[in-house]
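To start, the structure under review is shown below, and the notes come after it.
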Amino acid sequence: MKYLNQQEAINVDQELFNNYKFSVDQLMELAGLSTACAIHDAYNEATKVLVYCGPGNNGGDGLVCARHLKLFGYELELFYPKRTSKALYENLLHQCKSMNILILNQNPSVSELNCYDLIVDALFGFSYKPPTRPEFQEILKNLREIETPICSIDIPSGWDVEDGPPEDGIRPDFLISLTAPKLCAKFFKGRHHYLGGRFVPPALQNKYDLNLPAYPGHSNFVKLN
C-alpha cells in the first residue's frame, strides 16, 4: 500500500473533483460517515464524545462524523473555534445543532477533557503546514496532556504531513487515513489504524499505484493494524 506525500494527496483530491466529478460535500459525507463507522468499530462501548473541528475540509469531515456518531447513539459535543461563512460548513453545523449536539463556547480544560470517553481530532488535514496558528496552540497543548483516547481524522493535528509528529506532538490512539494513507501515518503508534473513504475509482488507484487493501463486504472502512 502506498503512502502519499503532501503533493500527491493534493493531486489525488483534485483529480477526484476535476476528472471524476465528485463534489466537496459528496466526498465529505462519505469520509465523515466512514470515520464514524470506524470509530464505532473501535470504541463501541464509549458514550460521551467531543469533536474538535477546524476551519477546512478536515473540520467538515468532523462535522459529518459528529452527526453520524449522534445517530449511532453517542452523546456528542462539538468545539468549533474558527468557523467559516461558507454555506457548506454553515449547513453542516446547522445539521449538528438540529440533532441537539451541544456546541461549546470555550476550549475545555485538561480536567474537563478527561471526563470524555473519546476526543475526535478534526482540526487540520493534509494541507496543513507548520507552525500551528496561535488560536490552536492551546488546544493542541491540552490534547498532549489528556488521558482520554484521541481519534485523528486523516492527519493527527500538528503533525507534518510527511515527516510526522513534532517532539511534543499529540499521540492519538486511533487514526483513520482517508483515500490513502499519508506518509506521516508511518509514525502512528496507536492501537487502531483504519482506512476509510471507499470512493477511489480503480483508474485513479492504478495511476498512483495506491495498492489499496480490499474493503470487506459492504463496509466503508478497513482496519490496517
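Quick note on numbering that gives the first Met the number 0: the sequence shown kicks off at 0 and runs consecutively. Positions of the beta carbon are idealized from the N, C-alpha and C atoms, including for glycine.
Alpha carbon of Asn90 to alpha carbon of Phe186, nearest angstrom: 35 Å
DSSP-derived helix/strand/coil call for Val23: Residue state, collapsed to three classes: helix.
Per-residue burial, Leu101 [other beta carbons within 10 Å of its own, 16 or more giving buried]: exposed
Under the three-state DSSP convention, the category Ile154 falls into: Residue state, collapsed to three classes: coil.
Within 8 Å, strictly: CB atoms of Asp116 and Ile149: no
For Glu28 and Ala65, the rounded distance between their alpha carbons: 11 Å
Candidates Leu92, Pro80, Lys128, of which the one nearest Asn106 by Cα: The shortest Cα separation from Asn106 among Leu92, Pro80, Lys128 belongs to Pro80.
Three or more C-beta pairs below 8 Å linking the stretch 154 to 164 and the stretch 27 to 45: no
Validate contact between the stretch 133 to 146 and the stretch 58 to 72 using beta carbons, cut 8 Å, 3 pairs: Here the stretch 133 to 146 does not lie against the stretch 58 to 72, with fewer than 3 beta-carbon pairs under 8 Å apart.
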